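Participant: First the structure, then my questions, so here it is.
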Amino acid sequence: EDPRTAAASIDGFRWEMPCDRDPGNSDECSTSARVDETRTFGGSPDTIYQVTVRLRGVVETMKYKGGTPDGMHFRVGGTPDNATYNIYSFTVSDPPEVYYLNDSPNVGHDTFIIDHTKTIPIRGGATVSFLGDGQNAIEIANFKHLVVDGIPPAPEPYVGQFIQLDVQSVEVAQP
587 EDPRTAAASI
597 DGFRWEMPCD
607 RDPGNSDECS
617 TSARVDETRT
627 FGGSPDTIYQ
637 VTVRLRGVVE
647 TMKYKGGTPD
657 GMHFRVGGTP
667 DNATYNIYSF
677 TVSDPPEVYY
687 LNDSPNVGHD
697 TFIIDHTKTI
707 PIRGGATVSF
717 LGDGQNAIEI
727 ANFKHLVVDG
737 IPPAPEPYVG
747 QFIQLDVQSV
757 EVAQP
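Counting from 1, position 84 in the sequence shown corresponds to residue 670 in the working numbering; the numbering is continuous, with no gaps.
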């Protein structure tokens, strides 16, 4: 069996945090959206899979504390450290870990494109929980009209913030 089939439940997952209405040129918008979804990873419970994912989107910055920064705007472990900016994360139940996708030492009224490729260990049958939390129902608008090539709604900019997870490869971890 192709190990990639184990990841079918998470392949193509999208965090979508649209503005409630088009903000025009304003740098903020209201959002009533919240992403809080859990999916079960396939495969055998006796197996840990090394899942390489590519995460692309347009987001605002968020401060986190603890854990380990792992490249531009990606953090393994830790907790949110600000009460107003958007949290983007996913949590794997086994082996247990949380991954934050918009990490920054400072917050501010800006959005930017993320493009992370990371390899994540996931045991067959584990849950993967996706969170997108605006915390205060306001987010930084995509006022620069950023577009992520090849990710819908490209070539148009997304009105709000989003991330798409695409599985690149899945390998069985060596014991």
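All residues carry an ideal CB built from backbone N, CA and C; glycine is no exception. Since the model is a prediction, treat every value here as computed from it, not as a measurement.
Pick out whichever of D613, T633, N611, H702 has its Cα sitting closest to the Cα of G711.
Facilitator: Counted from its first residue, the sequence shown places residue 711 at position 125. Residue T633 is the option with its Cα nearest to G711.
Participant: In whole angstroms, what separates the C-alpha of T617 from that of R600?
Facilitator: Your numbering for residue 617 matches position 31 in the sequence shown. Your numbering for residue 600 matches position 14 in the sequence shown. Going from the Cα of T617 to the Cα of R600 covers about 16 Å.
Participant: Does the beta-carbon of S675 have 16 or more other beta-carbons within 10 angstroms, so that it is buried, or is it exposed?
Facilitator: To locate residue 675, count along the sequence shown from 1; it is residue 89. It is buried - the Cβ of S675 has at least 16 other Cβ atoms within 10 Å.
Participant: Can you tell me which residues form a DSSP beta bridge with D719?
Facilitator: As a position in the sequence shown, residue 719 is number 133, starting the count at 1. Answer by DSSP bridge pairing, in chain order: I673.
Participant: Classify T633 as helix, strand or coil using the three-state DSSP reduction.
Facilitator: Mapped onto the sequence shown, residue 633 falls at position 47. Coil at T633, not helix or strand.
Participant: Here's the rule I'm using: 16 or more other beta-carbon atoms within 10 Å means buried, otherwise exposed. How should R607 be labelled?
Facilitator: Here residue 607 corresponds to residue number 21 of the sequence shown, with the count starting at 1. With fewer than 16 other Cβ atoms within 10 Å, it is exposed.
Participant: Could you say which of E725, F716, K730 lies nearest to F627 if we only look at CA atoms?
Facilitator: Along the sequence shown, one-based indexing puts residue 627 at 41. With distances taken between Cα atoms, F627 lies closest to F716.
Participant: Taking only three categories from DSSP, how would you classify R590?
Facilitator: Taking the first residue of the sequence shown as 1, we reach residue 590 at position 4. If DSSP states are grouped into helix, strand and coil, R590 belongs with the helices.
Participant: Pick out whichever of F660, S679, G736 has its Cα sitting closest to the Cα of E646.
Facilitator: The residue given as residue 646 occupies position 60 in the sequence shown. The shortest Cα separation from E646 among F660, S679, G736 belongs to F660.
Participant: Quick one: is D701 buried, meaning 16 or more other Cβ sit within 10 Å of its Cβ, or exposed?
Facilitator: Position 115 of the sequence shown, counted from the first residue, corresponds to residue 701. Under this definition D701 is an exposed residue.
Participant: Which one or two residues does DSSP pair with I737 in a beta bridge?
Facilitator: For the purposes of this step, residue 737 is taken as the residue at position 151 of the sequence shown. Answer by DSSP bridge pairing: none, since I737 is not bridged.
Participant: Can you give the Cα-Cα distance for T654 and G664, rounded to whole angstroms?
Facilitator: Within the sequence shown, residue 654 is the residue found at index 68, counting from 1. Within the sequence shown, residue 664 is the residue found at index 78, counting from 1. For T654 and G664, the distance between alpha carbons rounds to 7 Å.
Participant: Determine the direct distance from the alpha carbon of P666 to that of H695, and round the result to whole angstroms.
Facilitator: The count along the sequence shown starts at 1 and reaches residue 695 at position 109. The count along the sequence shown starts at 1 and reaches residue 666 at position 80. Their backbone Cα atoms lie some 18 Å apart in a straight line.
Participant: Compute the Euclidean distance between the alpha carbons of N611 and R620, then round it to the nearest angstrom.
Facilitator: Position 25 of the sequence shown, counted from the first residue, corresponds to residue 611. Position 34 of the sequence shown, counted from the first residue, corresponds to residue 620. The alpha-carbon of N611 is positioned some 23 Å away from that of R620.
Participant: Please go through the same chain and pick out, in chain order, the residues whose beta-carbon is closer than 7 Å to the beta-carbon of I596, but skip the five residues on each side of it.
Facilitator: Residue numbering aside, residue 596 sits at position 10 when the sequence shown is read from its first letter. Excluding positions up to five away in sequence, the list reads R625, F627, V714, L751, V753.
Participant: Check K730 in the structure and name its three-state DSSP category.
Facilitator: Residue 730 sits at position 144 when you count from the first residue of the sequence shown. Correct three-state label for K730: coil.
Participant: Using only alpha-carbon positions, find the residue among G643, I699, V662 that is nearest to G652.
Facilitator: Here residue 652 refers to the residue found at position 66 when the sequence shown is read from its first residue. Ranking G643, I699, V662 by Cα distance to G652 puts V662 first.
Participant: Could you check the C-alpha separation between T670 and K649 for me, to the nearest Å?
Facilitator: The residue given as residue 670 occupies position 84 in the sequence shown. The residue given as residue 649 occupies position 63 in the sequence shown. Their Cα atoms are separated by approximately 10 Å.
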